[in-house]
Structure formats: C-alpha cells, structure tokens
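So the protein lines, in turn, are chains A and B. If you read the first sequence in my numbering, its first letter stands for residue 3, the second for the next number, and so on. If you read the second sequence in my numbering, its first letter stands for residue 3, the second for the next number, and so on.
Protein chains: 2
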Amino acid sequence: MHPPAGSDPRPRAPGDWDVDAFRAAGHELIDWAARYFEGIEGRPVLARVRPGEIRRSLPATPPEQPEAWKELLADLEQRIEPGVTHWNHPGFMAYFGITGSAPGILGELASAVFNTNGMLWRTNPASTELEQVVLGWLLEMCDLPRDWFGQIVDLGSTSAVLALAAAREACPLLEAREDGLSLHGTPRLRLYTSVEAHSSVEKAAILLGLGRAGVRKIEVDDRFRMRPEALATAIEEDREEGWTPFAVCATIGTTSTTSVDPVDALAAICRREKLWLHVDAAYAGNAAVAPEFRHHFRGCSEADSYYFNPHKWLFVPIDCSVFFTRHPDTLRRAFQLIPDYLKTSETDAINFMDYGFQLGRRFRSIKLWWVIRAFGVDGIRERIRHACTLAQAFAARVDAEPRLERMAPAEFSVVCFRAVWPDLGPDETDAANEELLERINRSGEVFLSPTRVRGAFTLRLAIGNLRTDQRHVDRVWELLQAGIDG
Amino acid sequence: MHPPAGSDPRPRAPGDWDVDAFRAAGHELIDWAARYFEGIEGRPVLARVRPGEIRRSLPATPPEQPEAWKELLADLEQRIEPGVTHWNHPGFMAYFGITGSAPGILGELASAVFNTNGMLWRTNPASTELEQVVLGWLLEMCDLPRDWFGQIVDLGSTSAVLALAAAREACPLLEAREDGLSLHGTPRLRLYTSVEAHSSVEKAAILLGLGRAGVRKIEVDDRFRMRPEALATAIEEDREEGWTPFAVCATIGTTSTTSVDPVDALAAICRREKLWLHVDAAYAGNAAVAPEFRHHFRGCSEADSYYFNPHKWLFVPIDCSVFFTRHPDTLRRAFQLIPDYLKTSETDAINFMDYGFQLGRRFRSIKLWWVIRAFGVDGIRERIRHACTLAQAFAARVDAEPRLERMAPAEFSVVCFRAVWPDLGPDETDAANEELLERINRSGEVFLSPTRVRGAFTLRLAIGNLRTDQRHVDRVWELLQAGIDG
Chain A
3 MHPPAGSDPR PRAPGDWDVD AFRAAGHELI DWAARYFEGI EGRPVLARVR
53 PGEIRRSLPA TPPEQPEAWK ELLADLEQRI EPGVTHWNHP GFMAYFGITG
103 SAPGILGELA SAVFNTNGML WRTNPASTEL EQVVLGWLLE MCDLPRDWFG
153 QIVDLGSTSA VLALAAAREA CPLLEAREDG LSLHGTPRLR LYTSVEAHSS
203 VEKAAILLGL GRAGVRKIEV DDRFRMRPEA LATAIEEDRE EGWTPFAVCA
253 TIGTTSTTSV DPVDALAAIC RREKLWLHVD AAYAGNAAVA PEFRHHFRGC
303 SEADSYYFNP HKWLFVPIDC SVFFTRHPDT LRRAFQLIPD YLKTSETDAI
353 NFMDYGFQLG RRFRSIKLWW VIRAFGVDGI RERIRHACTL AQAFAARVDA
403 EPRLERMAPA EFSVVCFRAV WPDLGPDETD AANEELLERI NRSGEVFLSP
453 TRVRGAFTLR LAIGNLRTDQ RHVDRVWELL QAGIDG
Chain B
3 MHPPAGSDPR PRAPGDWDVD AFRAAGHELI DWAARYFEGI EGRPVLARVR
53 PGEIRRSLPA TPPEQPEAWK ELLADLEQRI EPGVTHWNHP GFMAYFGITG
103 SAPGILGELA SAVFNTNGML WRTNPASTEL EQVVLGWLLE MCDLPRDWFG
153 QIVDLGSTSA VLALAAAREA CPLLEAREDG LSLHGTPRLR LYTSVEAHSS
203 VEKAAILLGL GRAGVRKIEV DDRFRMRPEA LATAIEEDRE EGWTPFAVCA
253 TIGTTSTTSV DPVDALAAIC RREKLWLHVD AAYAGNAAVA PEFRHHFRGC
303 SEADSYYFNP HKWLFVPIDC SVFFTRHPDT LRRAFQLIPD YLKTSETDAI
353 NFMDYGFQLG RRFRSIKLWW VIRAFGVDGI RERIRHACTL AQAFAARVDA
403 EPRLERMAPA EFSVVCFRAV WPDLGPDETD AANEELLERI NRSGEVFLSP
453 TRVRGAFTLR LAIGNLRTDQ RHVDRVWELL QAGIDG
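Rendered as structure tokens:
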C-alpha cells in the first residue's frame, strides 16, 4: 500500500498531486497521528516555548519551488509539535477539556475530502439533510423539543450572535433589518444576562450595535445562579428609565464555575415580559445526554433559542456548535438575502444560507454522525458520567483537605478551588495561588487554568478529555500537595 | 500496518478508540478518499436526489449502542456520497470552482489531530505564530503591504463583518463599543458599495445594526465597476440629508461577473472624505500571486482592511479566509474583552481572541502552509494562470460564435455568457437560457450556475478546480452546442 521509501510526490503543474501520491502521504500522516497519540503523555501539556520562538524558527518568505512531502511532515513533527499546547494530553484540564475522538477526526477528514460548501441545498443535498438528521438525533438525545429548527455553526460566539440577532429582529418596536438601530426614535434595547455569563454575550451585543450599555448584568446567588427577582427588578427599573428590554440570556454551565441559571423561573419572567429567552449551554448542554443531569435543564423547552458545543464535550473536533430555535422564520426574516447568483429552483428544500450571516458551510455533520454512531448514545452517556465522577471525587478530596478551599459547587466536571495558608491575607493568598498554579503547570504533566470567584484567584480543574483518568487527577493532587508544601 | 480483516474497533468506554483502531480506520479512510478521487469523473457533478431523499434513508433516532467502523464507512460510500454535489469534479464550474488539494486536505487532518483552540497565544503558541508567518508569506506573495496585521477566519462573511465593525469603531462620532447605535443623537451611518457587491456586505450591515438602509449601492459602469463620480455624488447627497458616511467597500472580482472596482480612485475619495476603505477580494485576491494580474489591485495598499479567501482559489479546503488591516488597534478596541478565566501572564504575545467576536480558533494555518510549500509560489502562480487561460480561451470561443453572447469582461477565470436566438424576445431568451442551463447540468458531466447581468439571465463558467482541464471545458462547449440546437 505504501509507496517505496524515497518516492517524491512533488506536484506536477498545473494539477493536484496524483492520487497515488495523496494515498502515500495520507498513510504517512495517519501513521504520524498514531505515533503522536501513542506518545502524547511524554510531551509537556503546556508548550515550553517563548513568544516569537516558533516564528523565528520558520522562513520569513515562502518557497518559490515545490518542497517534498517528507519535508512538510518532518517540519510538522520537529518545528510545530514542540510549540503546540497539547489539548489531547490527558493532563489537559484547563478551560474546558475537550477531545477530538478518533471517529470525530476521521469525520473531519471525510469533510475535507468532499470539500463542499453547503450554502444551498443543491450545492450539497447530503450535507443539508445529514445536518438535519443529526440535529434531530441531538434533540432526542438531550430530550429537547423535537420540533426545534437547528443548524450547525462554527462556534458558540456565532450561536450567541444568531440568537441575539433573532431576538432583535423579533422585537416589535423596530425594523432592525431594514432601518438598523440609529433611526430617530429607535428604542434603546437592553438584554439581561448574569455577571457570570460568557464574554461572547457581551461581544455579540457590541457586534449587533447594542453596545456594552445594552447588556445589563444581573447579580447571582451564593451558587452563582442568576437571581430571578433581581432580573425582574432590573427590567422594571429599565422600563421606567426608557430602556426597551428585549432578551434574557441564561446559562447552563457558566464558564467560570459551571453554575446553572434557574431557567424555569427566568422563562416565567420572559413570558410575562415578552422577552426572548436564549439559553447558552455551550459546555453543559452535552451533559443532557445523561438523564441524571436533566434537572439542570428545567425550563429549557420554553427557550426561544438554545445552543451547545459538541466540540466541547461530545468528542468532535473543533469547530462544531449547534444552534436551535423555535422561530426559524424570525432568523430567516433577519438574514435572508438571495442574490441572482445564488437563486435556485428548489422550493421544498432548506437552504441554510438563509438562516444566518455566514454564507459558507462546511460539511460538519459527518463528524457528529460518526461520533454518535461509533460510541452509541449509551457510550457517550458513560463517557460524560466518567468525567463527572472523576471531578466529583476530586471535589470531595478538596473538601476533606483543610489546606484547600472549594470555591463553587461542582455541578458537572469542573472543580473550582484554591489553597489557603493560615498566615496570609487576601492579596497574599491570591499571589500564592497564582504561584501555585504556575508551579503545577510548569510540571508539564498537567495544565489547569485560573479564574476568579468572588474576586479571589481560583484554580479550575476541568475534565473533558477522553484520555483523562483517575491517575491523571491523582497527579494533580500530588502536584498540589507538593506545591502547597513549597 | 493494517489490522486483520474483521477486527472490530468498537470503543471501550470510557476512552476513545485505541490507537491501533484509529490507525487501521485512518488507513481505510485514506484508501476510500483515494478511490473517491480516482472515480470522481464517473459521478454526476450535481447530486441526483430529490429533497428529503437522503434524510428519509437515514434512521430518525440515534443508535444506543456502538456501531462498527465498517458500517460507518459503508454508509458514507453508499448513503452519503450519492447525495453529494461533487465540488471535486473537474466539471464543477459553478459559483467559484474550488479545490481542496491533497496537501490542503492533509493539513486539515493534521489540524483535526491537534484539535487545539488557539484563542490565546498560550493555548497554542505554534498556531498563533504559524498563522503570523503564513500570513506574512501571503502578503509577500501578493505584493501587499508587509506591515498589515492579519488573521485567519472562517469565511468571507466573517471578514466582511470584522471590516465593517472596525470601520464603525473608527468613526469618531460615536462610541459603538460602549453605547451602541441607538443612543439619542447617534449619527445615522452609511456605507457605500457597488450594486455588484456580494450579499455578505449587506448581511454584515444588518448584523451590525446599520440595517439595509445603511448601505447605499452605487451604480457601475459598462464593465460593472463602481463609478467613482457616482460615489462622490452619493456621499455629498447623503451628508446633506443628514447621513454620516463612514466606509466604502470596494470589490476586486465581484461574484457575478468578477468585475474590478477602481480601488485607486475610490481610495482617493476615501482619503478626502475620511472614510474607511475596505476591499473585498474574496476570489480574485488569490490571483495577485501572479504579477500580470497585479494591475487590478492598484490602490489596495491604501486599504484600511482587505481580505481574500484561500479556500476559493488557493487550493485549501473550506474554510479559510484571510483578513488584513492596517489598524489592529481599532479592531482590538472594538472587541477586546478579557474575562478572568482567560487572563494570561504573557505580555509580549498576540492573543487572537482580542481581534474579533469569535473566541474559538482552529489551527487553520497548517493547510495554508502545506499548500504553499507543496506547490511553491511558482506552482501556485502556474495553476492560477492555467485556470485563467482556460477561461480566456472559452471566452474567445463565445465571442466567435454568433449564437452566443458574452455578457461581461472575463478578467480572471469566470466567463459570463448566454445563447441568443434570432426569433426570441427578452423574456423568452431568459427562459430558453434557463432551460439550456438545466439541460447542460442534467448531463451530470458539468455544473454551471446562473446569474443575471443587466437583468438578463446569464450562464457562468467558473474555473478553479485543479482537475479541470481543456477537455472539460470542451465538453461544456459540446453540451452548449447540443443544447442550443435543442
């Protein structure tokens, strides 16, 4: 199958490589990937390079003549790999641990081979329809309303933008699509989200012309959940002051502490006040596959829009965010523009380009389809449970250790904690924890990231990589103990 | 290297497939891809399925238990492939012909294997720095100002949004980031683009809260180029009527006819009027690699922002759009928000998340790096020339054939034309050309897409796939002759 060593698959102008050269190089790259995964634990998680080091190691100008495949592959291994922070490492427990599982990676490869733009049904019927099928599967798996309209987009940031753009379009007091927001007499729109919400909500508001002033952040309770009564009061105050409330963005599984807003109570307020309810379940939405987590999602079936990111915790490679809404017509009203060069004759098919601001559409459904089939829904459930079990056990250890303090409830697979030293004041405790985190990360064996909880510097252990097992969490524990002992 | 036939790489909960199973499945998928490419000309270009057909062929609910890899692969070949419109087919000459070349596909695979999110420098230093290096290469290859700041984003739609968001932020009469657009006294912003501009410009304006009213479309000359004097007049009129002009979006290579706006003349107006000049070179920007096309780009070095899509005509798989600006500080001022959970200690490194609304960032630079190196700049130049040569020869044939009419200049690799019948009036000619196009596309051998030029239904031949050669263009010609003869 493999070509003889030393074969040189240089391209012949003007075509692509011939198929034999592709096949040979492809096999070599698969073997590289296998070697990479086999050796993953031998690498430092966090790249040990200084800013500029990789850049300076690469030529500043491009080659005029073709280079051989073996040079490309060698440079990947020798120049790029050492500069990569290894999200695949089982010790990666920073931000949200993620996995591009084997079937997900292969699905991504299949997409790249087809290399279609599914902007219109006719430009790839299989992409459009497989996307619809797989999104139906996700609704079923997560016990969400089966009649929601869904689409796959790149990122949570994009899902947030689509949600708020639809909410803005739905607002009866303006014609956002036609007039924009600066027409004289346009109401000042305001949306509500908690102080713990993700920065993408605020960025979406900036993008949409609401400005940061258009976002009012509602305080949270002792478990970092948006307080419904504070929301109700804020809406009332704002109406009195001339604002036009139009949307509430609730979060299930906030980024900092994975707290869960009380969506059912917020939904009641939205119903009463006629506001669009958007639910950001970027990370935790994946956990709805397991029934024992579904109580966190009470009220979500009333959402006007909802999203989560399978690239976060459903084992598909980045990027893959799934956006749902019960109001596809609103989204289409906001964005449908069909220039002459994109007109088609089909009248009974969905053209996904009509439902957003992005025209291009990769064939992302294959990787999602393959991951669900390769693991089975039960297998996905087990994997999510496993991550949560590891995290819960770590949280219990933290709770039992007097030198550590837990900073937030661990609802899913993230634990927020810090060390305490009897002699240190608040600022010194922050500094000492920052140093502790740096020391743990310098080990190269694990990588945790920080946050702040009630202003205090906090360490975050986030389990989500499929390779992470008890021994990796144990290693965090050992490094933590050693770090505190100094 | 391959495992024995019949081995079953089912996953063991809770991990991923083991590496041997990944390797075996990977080799099989590469072999599938090679077979797919070898057989590409035997398939119909445009999928021969009816809406709903693929969807109904797939299970409506997901499997509870794992399925074997061989089932996944078999379904890809048997259920999905027949529903794909084959952008890889050399007869694909619709929209813009594109190619996911072999080195590009392999680069995409390498990215999926690393599966990193390069939002911060530290979350993947190699991704951040390779992106900077390769964007520097592109500036060099296209003879654009070497000091422009660049980033890779997903799509042209996103590049348009970033450009106009930066332009809005740069407008001295408002504080878009903080106040949004609906504050009492906010000026009504207006941007200018030609009637031939891409729909993504208008969609970006809707997204940004300018509304469609915030876009004034300027008429074009007989070669479909924005008329500078019409622009100047429009700006003057608008200022008198209370609008605040803030940006001009010029296009090099419009989607319908690949016309080229006179950027140098437009740049002079922007300088005088203090407007942001954005250049959309989505398709044609790739042609700047060849010096003989550079005259189309006169004035571009004065642009405030500029983008093109290597996934269109630089042989990398979708998605890959490169966005450049001379004002990175403006972009950062618009979008930088650093929550506690994303704070890092590096002060001398770029965190790309600060320069847009999208937090996540795939490792897209590998595919671009590998394509440039595998083909060499000279090889890329030759491939772009080859596409243009094929198109020019076709255009000459159209010009010499009295039964055909050329509808626009062919500046690059796209030819707009239609058939004429002596007895038919305008509406009948449109209908007959629509039927002609359908008949050509039904052959399954080629796929062309329509547009309208000065209101007339027009056929568009767009060459960009690396496999397209003289014989495929000849086949279009034969089908065209046969179709006209009826």
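Just so it is clear, CB atoms sit at the ideal spot from N, CA and C, and this is done for glycine as well.
query	result
Hey, which unbroken runs of the alpha helix (DSSP H) at 4 residues or more fall wholly within the region 50 to 110 of chain A?	55 to 59, 71 to 77
Is there contact between the region 247 to 256 of chain A and the region 212 to 223 of chain B, where contact requires at least three CB pairs shorter than 8 Å?	no
Given a threshold of 16 other Cβ atoms within 10 Å of its Cβ, counted over all protein chains shown, does I340(B) qualify as buried or as exposed?	exposed
Under the rule that 16 or more other beta-carbon atoms within 10 Å means buried, what is V281(A), buried or exposed?	buried
Taking the alpha-carbon of F310(B) as reference, which of P247(B), H200(B), L268(B) has the nearest alpha-carbon?	H200(B)
By how many angstroms is the C-alpha of A70(A) removed from the C-alpha of R12(A)?	With a pLDDT of 37 at R12(A), under the threshold of 50, the modelled position of that residue is not reliable, and the figure given next carries that caveat. Rounded to the nearest angstrom, the two C-alpha atoms are 6 Å apart.
Would you list the residues sitting across from K196(B) in a DSSP beta bridge?	Note that residue 196(B) is Ser in the sequence shown here, rather than Lys. Note: S196(B) sits in a beta bridge opposite I220(B).
Is F310(B) helix, strand or coil by DSSP?	strand
Taking P127(B) and V51(A) to be in contact with their CB atoms under 8 Å, please state how far apart those CB atoms are, rounded to whole angstroms.	5 Å
With 16 other CB atoms within 10 Å as the buried threshold, where does K314(A) fall?	buried
With a cut-off of 8 Å on the beta carbons, I'd call A2(A) and L111(B) a contact; round off their distance for me.	Examination of residue 2(A) is not possible in this model, given that chain A is present from 3 through 488 alone.
Anything in chain A within Cβ reach of G138(B), meaning under 7 Å, just list it in chain order.	A62
Check whether chain A comes within 8 Å of K205(B), counting only Cβ atoms and requiring the distance to be less than that.	yes
If the cut-off is 7 Å on Cβ atoms, which residues from the region 109 to 142 of chain A count as contacting chain B, listed in chain order?	E110, L111, A112, A114, V115, F116, N117, T118, N119, W123, R124, T125, N126, P127, A128, E131, L132, Q134, V135, G138, W139, E142
With W34(B) as the anchor, note down where its alpha helix (DSSP H) starts and where it stops.	21 to 40
Straight-line CA distance for F326(A) to E294(A)?	23 Å
Would you kindly report the start and end of the unbroken alpha helix (DSSP H) that includes D266(A)?	265 to 275
Do L279(B) and D321(B) come within 8 Å of each other at the CB atom, strictly closer than that value?	no
Identify the contact partners of P452(A) in chain B, using a Cβ-Cβ distance below 8 Å as the criterion.	D342, Y343, K345
In terms of alpha-carbon separation, which member of V86(B), H388(B), W123(B), P105(B) lies closest to P53(A)?	W123(B)
Out of N90(B), A458(B), R441(B), point me to the one whose CA is closest to R2(B)'s CA.	Outside the shown range of chain B, which is 3 to 488, sits residue 2(B), and nothing can be said about it.
Which residues in chain B sit within 9 Å of A336(A), going by Cβ to Cβ distance?	I208, L209
V51(A) versus chain B: which residues are under 9 Å apart at the beta carbon?	P127, A128, E131
Could you tell me the alpha carbon to alpha carbon distance between P6(A) and A376(B), rounded to whole angstroms?	At P6(A) the pLDDT is 36, less than 50, meaning the model places this residue with poor confidence; the figure from the coordinates comes in the next sentence. Using only the alpha carbons, I get a separation of about 19 Å.
Kindly provide the ranges of any alpha helix (DSSP H) runs that are 4 or more residues long and lie completely inside the region 305 to 349 of chain B, ordered along the chain.	312 to 315, 330 to 337
Should the region 377 to 390 of chain A be regarded as contacting the region 152 to 159 of chain A, the criterion being three or more beta carbon pairs within less than 8 Å?	no
R214(A) touches chain B at which residues, Cβ-Cβ below 9 Å?	R179, E180, D181, G182, L339
Below 8 Å on the Cβ atoms is my contact criterion, and I expect R454(B) with G485(B) to pass it. Report the Cβ-Cβ distance as a whole number of Å.	In fact, because the Cβ distance is near 19 Å, the residues do not count as touching under 8 Å.
Using a Cβ-Cβ distance under 8 Å, would I254(A) count as near chain B?	no
Less than 8 Å between CB atoms is the rule here; does F226(B) satisfy it with respect to chain A?	no
If you follow the beta strand (DSSP E) that S367(B) is in, where does it begin and where does it stop?	Unbroken run through S367(B) is the alpha helix (DSSP H), 367 to 402; no beta strand (DSSP E).
Using a 10 Å radius around the Cβ and a threshold of 16 neighbouring Cβ atoms, would you call W34(B) buried or exposed?	buried
With C-beta atoms as the reference, is A232(A) less than 8 Å away from A336(A)?	no
Pick out whichever of D240(B), P330(B), T195(B) has its Cα sitting closest to the Cα of D263(B).	T195(B)
Rounded to whole angstroms, how far is the Cβ of A421(A) from the Cβ of R405(A), which I believe are closer than 8 Å?	6 Å
Buried or exposed, going by whether 16 or more other CB atoms sit within 10 Å of the CB of E480(A)?	exposed
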